[in-house]
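To start, the structure under review is shown below, and the notes come after it.
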Amino acid sequence: MFRRRKDLQEKRHHIPLVDRTPIEPPPYVVAVVGPPKVGKSTLMKCLIKNYTRQIINNINGPVTVVSGKKRRLTLTECNNDVNSMIDTAKVADLVLLVVDASYGFEMETFEFLNICQVHGFPRIMGVLTHLDQFKNQKTLRNTKKHMKHRFWTEIYQGAKVFYLSGMMHGNYLKQEVHNLGRFISTMKFRPLDWRTSHPYILADRFEDITSQELIRQNPKIDRTICLYGYSRGAHLKQNTLFHIPGCGDYTAADISYLPDPCPLPDKLKKRSLDDRERLIYAPMSGVGGVVFDKDAVYIDLKGSHSHQPGAADADDEEMGEQQGLLDGLLQTRVPLDQKMTNVEFTLLSGSKPLDEDDTNAFTRRVRRPALPLNDEDGKEGRDDTDASDSSEDSDDEDEEDSTEDDDVDEEESDSEGSVAGERSRGRSISEEKAAEKDVEMAAPEGKSDDEDTPMTAQERMMEKLAEGYAARSKKLGNLQFFVYGDATNHQPDSGGDSDEADGEDEVFGGLFVKAKNTEQRILAKRNLDAAESTRQHAVTDDIDFETMCARIRDCFVTGRWAADEDAENLLARAKQDDEELFGDFEDLEKQLKGEEEVDQAMEEVQKQPQRKATTREERLKQIEAKRIEKKKRLKEMFDQEYDEKGEEKTLYDEIKEEMNQQAQLNKSEFADMDDSRRILFEGFRAGLYVRVELKGVPCELVEHFDPSYPIILGGLNTAENRVGYLQVRMKKHRWFKKILKSADPLMMSLGWRRFQTTPIFYTQDHNMRQRFLKYTPMHLHCHAAFWGPITPQNSGFIAIQTSLQEKADFRICATGVVLEIDKTTQIVKKLKLTGTPVKIKNRTAFVEGMFNSVIEVTKFEGAALRTVSGIRGQIKKPIKAPPGAFRAAFEDKLLKADIVFLRTWYTVPVPKFFVNAATLLMPINEKDQWKGMKTLGELRAERGLSAPANQDSLYTGAERREYFEKPHRVPRSLQAALPYKERPKQNTIIEGGNALRRVAIIPDQEEQRVMKVMSMMKTVHAEKQAKMRREMEDRVRQHKRTMEAQELKRLVKQRQVKRHICKVLQQNEAKRQKMQQRSGGKRKLE
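According to UniProt numbering, the sequence shown is numbered sequentially starting from 1.
So this is what it looks like as structure tokens:
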């Protein structure tokens, strides 16, 4: 059990990183990803409705909402294009992977998971839809289980999966969407290395500010655009070089920050958000009628351009109110900031307005000051805030999935409990709303409460509400009322100076009193020279010093507090127990100089008049008490260092604590500085809403703009705008059917970029030689080199051949990581050169046909040679004729038929080809059809051409000459000595000696007639012979049958004879035995 607990603790540990998240972080990007027709748009609408209580029918581009007191979310939908999937995976903090449970996992799901694995792997949650199509509950449970485990296989064990059981009125069930939204609002995110080191912006607003006159003169002119969005990642600097995936590299002409269009709520002490604080910002979707810019304010008129007052009809009061508000905005002449500085704020009607100093005394945020109504509400808000902070700051990421659902239930129960508590205290919801309205209302501009003007109906209502609120606060037991009493009757506790103090204290807001120290209070405090005691009162009589000391002696630590509590007895008892308690630390005290300590202690005692001792014994007691206190401190230090008190801090805890301290230091460095000055030092920090102006952008980006394709401004660091050779380690994906060929174009996603290049594959030998590979291995890693943008090492990338969804095959063809960045490459390929010897003399030979010039021979001087038969040699010097011939030395003498070959390597060049994928510049319906460079196979297929055949590469059969064996001849002298059996013999004509070489003879007519008669006679003779043979065979068969019958008769007769003989012999034997028996009986009688 102990080991398992430790294993789980170690699995939860990650490498500690410095949290660079600002106090107000940017909205977290939540991407809804999935194949078509799985419910992505419906899920986004339901989430937006859950967070903001608003319905958006047409969602275009990112949508930013306030999801909690400290969190905002940017919801975006990813279409089915692989380019959008790649861009979304680079900026998404959380991915909602929507899957149609009735159909199962589709190929796009696994493609996106592989993309996420390469580009940082954000948090991923599965959402199963279309579960209402399962009618059988058992099938539904099995499907859920199967898909959940398949999802865990791709992500990790225990990944969160949500089930949306069905739809009602075109939307998912409210409770299920609410649970999903609560889980998203409490999820924790780990910073990714690439994003924390690079600034980036997800544009949620797009504008073309090019002069219309220039566009009229030349419609294809390069445009000047402005992109708006929250700054994320690292700090953004002026003149930063940006890369827009799908467009190109651009330098920011101007960067400025704007007011936050979707700010966090100011009041953090409330349990939930108000409807006013549930903000939404979606300019591409047309949500929000007023948009603030750097130098202008844009108002969406919804097609109405009538600004005349009173244009609305009397029947439509709502339209008339909207028209009045619009006319008020258009006729405003005083700036908004000037109005904010001149406005006066009152807590309650009839009270004095607060100035700027009073406002800053209660809150640091000037935009919307929020004050607690009473101490109980404030305490509840603080407890809720602390609880939420502690839950958000938890480091247990593995137990997050199991605990966050409980957190949701606890928050709901807390909210119910709070409502019940308010009801028990006698406060209704309507009364609280009335009180909040009374607190937040301010006095009208340009008026004061002291003016003698008749009260309007609104002022009378406010006064009535204030009186009711004060009465209810007194009845309900307001802590401020119990402690301080009524604010109007406040009296300080300053003896007889209360009347004068009432005139000097200032009451503001009708609720708070600003206390001031008067001269009389200060004088009374200075004149009061008496001892403070809980038992004795101050003595004002004229007594001497010794009497005063005797009276106040028991007020100090060394006095006699009670009959059983005497300081002298306690010190003596402690001195006796000193050796038992602190005897182990006696050696530490011996190293100190006792006399110096005594003198220093006496000096300290003399400096403190309240501890001044009259005798030496008292001073020694004080010194002894100090020594005991010091020993206690030393023992605590020793126990803290050596003893095991609970769980000790590990190295991981120390590093984590150090990182947290560094994060707090980073946040507090520029916390009190104004944003305009702070930007000059650190740039635009994450969380600011910025406006980026770009110049020289192609007009196609504006003309073919599609909000469904994300526009990302990825900041480039130093040297990332240059190109060079990149050496990577990659592996062909196991689901990609084809193997990859060197020098074929591949589209790669590396860093922020998507570009096309031609990689050359190679493998690294044990001697670090980079050997060329024509194709990628099937199930092994290999290396590759290509010409592309400089990217930091350990950056992951993916490769695809095409983004077209022509087939149902897997499109991710390879994944890998960057190893090295270099200006040159040394990829080599095998080369085998052959030659033949021209002239041979002993072990030296002249070889030709291997090289073409003397320069080539000179380059390979000293190279090792080898023949087919295995004779080794070496190149010496070139010769004059023929060109390319050389002299070589070998181990043995060569033959003319020997072939000499040389094994060497030659460098394979890497093509310098690199082009950005301009997908955003394509027309709207063709953005997923960007092709780029085509392969040779595709070009030949389009033109109907076949690949050229190299004759040397064709496989042909071996040509072999027919072998004729020579006749064996024996000399005649040897034939005479051989026996007759072994001598060669000549065949006669009959035996076939010369019969085959005879001349053909054609017979005449008479000869033919004779030959015909002879053939007839031969035929008759043959027939007669056959007949005779058949007759003979019949006779033989008849004879055999006769002989068999005779043999059978003989055997039968022989069997009968044998039987008769055996019978006779048996009878004779019986007679003989009978005779013997008779002869034996006679002998017995005798």
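Here a beta-carbon is modelled for each residue, glycine too, at the ideal position from N, C-alpha and C. Here the structure is a predicted model, which is why all the values come from computation and not from measurement.
Counting C-beta pairs closer than 8 Å gives three or more between the segment 787 to 797 and the segment 816 to 826, which meets the contact rule. Ile711 and Glu942 have their C-alpha atoms spaced approximately 34 Å apart.
DSSP places Met748 inside the beta strand (DSSP E), whose first and last residues are Leu746 to Leu750. Counting C-beta atoms within 10 angstroms of its own C-beta, Gly61 has 16 or more neighbours from the protein chains shown and is therefore classed as buried. Beta bridge pairing from DSSP links Gln764 with Gln770. Cβ neighbours of Ile155 within its own chain (closer than 6 Å, five residues either side excluded): Ile124. Per DSSP, Trp930 lies in no alpha helix (DSSP H) segment and is marked neither H nor E. Exclusion of the five residues before and after Asn79 leaves Ser708 as the residues of its chain whose Cβ lies within less than 6 Å of its Cβ. Distance between Asp275 and Leu8, taken at the CA atoms: about 42 Å.
Out of Glu459, Lys832 and Thr76, the CA that lies nearest to the CA of Tyr28 is found in Thr76. Judged by their CB atoms, Arg872 and Phe890 are nearer to each other than the 8 Å cut-off. Only buried fits Ser84, as 16 or more other CB atoms lie within 10 angstroms of its CB. Judged by their CB atoms, Gly932 and Met747 are nearer to each other than the 8 Å cut-off. As computed with DSSP, Pro878 is found in a beta bridge with Phe886. Closest in C-alpha terms to Asn717, from the list Arg691, Arg1055 and His235, comes His235. Assigned with DSSP and collapsed to three states, Leu97 falls in strand. Contact between Lys732 and Leu740 holds: CB atoms are separated by about 6 Å, below the 8 Å threshold. The beta strand (DSSP E) runs lying completely inside the segment 656 to 744 and spanning 3 residues or more are 689 to 697, 712 to 715 and 723 to 732, given in chain order. Counting C-beta pairs with one atom in each stretch, the segment 44 to 64 and the segment 105 to 117 have fewer than three that are closer than 8 Å, which means they do not touch. If the five residues before and after Pro923 are omitted, its C-beta is found closer than 7 Å to the C-beta atoms of His704, all from its own chain and listed in chain order.
Using a Cβ-Cβ distance cut-off of 8 Å, the segment 691 to 706 and the segment 223 to 234 are in contact, since at least three pairs of beta carbons, one from each stretch, lie closer than that value.
Distance from the Cα of Arg903 is smallest, within the candidate group Leu936, Arg983 and Leu831, for Leu831. Counting C-beta pairs with one atom in each stretch, the segment 64 to 75 and the segment 120 to 137 have fewer than three that are closer than 8 Å, which means they do not touch.
With fewer than 16 neighbouring CB atoms inside 10 Å of its own CB, Gly944 falls in the exposed class.
Around the beta carbon of Met673, fewer than 16 other beta carbons sit within 10 angstroms, so the residue counts as exposed. When Arg769, Arg771 and Phe786 are compared, the shortest CA-CA separation from Leu750 is found for Phe786.
The C-alpha of Arg205 is placed about 11 Å away from the C-alpha of Val690. By the Cβ test, the segment 907 to 924 is in contact with the segment 245 to 254, since at least three Cβ pairs between them sit closer than 8 Å. The straight-line gap separating the alpha-carbon atoms of Lys667 and Glu24 is approximately 11 Å.
In this structure, His781 sits near Arg729, with a CB-CB distance shorter than 8 Å. By the neighbour-count definition (other C-beta atoms within 10 Å, threshold 16), Leu954 is an exposed residue. The residue among Ile255, Ala92 and Val30 with its C-alpha nearest the C-alpha of Ile679 is Ile255. Rounded to whole angstroms, the separation of the alpha carbons of Pro759 and Ile812 is 16 Å. Here Thr825 has Tyr725, Ala785 and Val910 as same chain residues with Cβ atoms under 6 Å from its own Cβ, once five neighbours each way along the sequence are excluded. By a beta-carbon distance limit of 8 Å, Ile827 contacts Phe772. Their separation comes to about 5 Å. Going by beta carbons, Met147 and Leu128 fall inside the 8 Å limit.
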